[in-house]
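K.L.:
Just passing along the structure, written as structure tokens.
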Amino acid sequence: MKIKMKPLEYNYGDFEPYISAKTMSEHYEGLYRDYVVKLNQVINSIDYSVSVDQLLMSIQDYPIKRNDIIRYAGGVSNHELFFDSLTRKRTKPNKNLSEAIVKSFGSYDQMIENITTVSESLFGSGYVFLVIEDDDLAIIKTVNQNSPLIYNFYPLIAIDLWEHSYFLDYLSKRNQYIESIMKLLNWDNANDLYAKYTRNIRNGIYSL
Ligand SMILES: [Fe+2]
Numbered sequence: 064m065k066i067k068m069k070p071l072e073y074n075y076g077d078f079e080p081y082i083s084a085k086t087m088s089e090h091y092e093g094l095y096r097d098y099v100v101k102l103n104q105v106i107n108s109i110d111y112s113v114s115v116d117q118l119l120m121s122i123q124d125y126p127i128k129r130n131d132i133i134r135y136a137g138g139v140s141n142h143e144l145f146f147d148s149l150t151r152k153r154t155k156p157n158k159n160l161s162e163a164i165v166k167s168f169g170s171y172d173q174m175i176e177n178i179t180t181v182s183e184s185l186f187g188s189g190y191v192f193l194v195i196e197d198d199d200l201a202i203i204k205t206v207n208q209n210s211p212l213i214y215n216f217y218p219l220i221a222i223d224l225w226e227h228s229y230f231l232d233y234l235s236k237r238n239q240y241i242e243s244i245m246k247l248l249n250w251d252n253a254n255d256l257y258a259k260y261t262r263n264i265r266n267g268i269y270s271l
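One gets this note's numbering by counting positions in the sequence shown from 1 and adding 63 to each.
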């Protein structure tokens with residue numbers, strides 16, 4: 064099975080002036096495409112019949128290619144969630160997700176503050192994720208292309224904090240990029256993922 068690029072739900076220029084069309088097109092056409100190509104090269108050599116996310120969740124089954132899968136399947140999965148985590152529509156957490164946010168963080172504003180703080184504290188290249196961790200939500204950061212799925216966390220939102228995400232638009236002012244991302248978060252997508260994951264977890268299905 065060949066992994067294909069997941070189409071974007073928007074145009075490259077939709078996030079101007081927060082993220083330039085040039086940054087979005089390079090990110091999608093250049094960097095994300097490269098991860099898809101490299102992942103296809105890796106999975107050509109293994110017995111593989113599951114989705115990219117399932118591959119990451121069952122990483123212990125692939126000891127020989129483990130590092131390559133973490134790097135390239137992570138690069139594909141993380142980028143796809145990052146692209147899906149952005150929207151210009153006004154979205155907000157629905158009732159179920161709002162209740163989980165209040166239970167875990169106290170309030171929506173507090174969660175945004177925590178995401179911002181954790182994002183600002185990331186050293187080097189990596190991501191910050193809002194994830195489901197057991198019965199709660201949590202904010203985690205991972206380095207390189209490590210996916211939350213390899214730790215059995217279910218991600219709802221991804222923020223790409225590699226330099227290629229912001230340097231063209233913000234130079235070294237990463238905090239300004241983080242501030243902009245907070246205005247673009249796609250809660251419709253997070254609501255859908257939260258419903259899907261909690262339903263699966265309830266039914267004892269630990270796959271995606
Ligand atoms: Fe990226």
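We put the beta carbon where it would ideally sit given N, CA and C, even for glycine.
Because the structure is a prediction, the values reported are computed rather than measured.
#1: So is E143 buried or exposed if we call it buried at 16+ other beta carbons inside 10 Å?
#2: My guess is that L219 and S140 are in contact by the Cβ rule of under 8 Å, so how many angstroms apart are they, rounded?
#3: How about D223: is its Cβ closer than 7 Å to a heavy atom in ligand 1?
#4: Kindly confirm or deny that the region 178–185 and the region 96–115 touch, where touching means at least three C-beta pairs closer than 8 Å.
#5: Would you check whether ligand 1 has a heavy atom nearer than 7 Å to the C-beta of L231?
#6: Indicate the three-state DSSP secondary structure (helix, strand or coil) for F230 in the structure shown.
#7: Less than 8 Å between the beta carbons of L160 and Y257, yes or no?
#8: Which residue marks the beginning of the beta strand (DSSP E) containing D77, and which one marks its end?
#9: The alpha helix (DSSP H) that contains T86, what's its start and end?
#10: Do you know how far the Cα of E183 is from the Cα of K236?
#11: Check the C-beta distance from F168 over to E196 and give it rounded, since I have them as a contact under 8 Å.
#12: Put D223 into one of helix, strand or coil per three-state DSSP.
#13: Should I66 be labelled buried (16 or more other beta-carbon atoms within 10 Å of its own) or exposed?
#14: Would you give the residue range spanned by the alpha helix (DSSP H) that I241 belongs to?
#15: Any heavy atom of ligand 3 inside 7 Å of the beta-carbon of L247?
#16: Ligand 1 and S184: does the residue's C-beta get closer than 7 Å to at least one heavy atom of that ligand?
#17: If you draw a straight line from the alpha carbon of Y135 to that of L71, how long is it in whole angstroms?
P.N.:
Judging by the given coordinates:
#1: That one is buried.
#2: Incorrect: roughly 13 Å between the Cβ atoms, too far for contact.
#3: Flag set: Cβ of D223 near ligand 1.
#4: Contact between the region 178–185 and the region 96–115 is absent, with fewer than three C-beta pairs closer than 8 Å.
#5: Checking every heavy atom of ligand 1 against the Cβ of L231, none is found closer than 7 Å.
#6: Shown here, F230 sits in a helix according to DSSP, grouped into three states.
#7: In this structure, L160 places its C-beta atom within 8 Å of the C-beta atom of Y257.
#8: DSSP places D77 outside any beta strand (DSSP E), giving it a letter other than H or E.
#9: If you look at T86, you'll find it in the alpha helix (DSSP H) that goes 84–88.
#10: Distance between the alpha carbons of K236 and E183 is about 11 Å.
#11: Not quite, the Cβ-Cβ distance comes to about 12 Å (not below 8 Å), so this is no contact.
#12: The answer is strand: DSSP assigns D223 an E or B state.
#13: Buried.
#14: First-last of the alpha helix (DSSP H) with I241: 237–244.
#15: In the structure shown, ligand 3 is absent; the only ligands present are ligand 1.
#16: No heavy atom of ligand 1 is found nearer than 7 Å to the CB of S184.
#17: Taken atom to atom, the span from the alpha-carbon of Y135 to that of L71 is near 19 Å.
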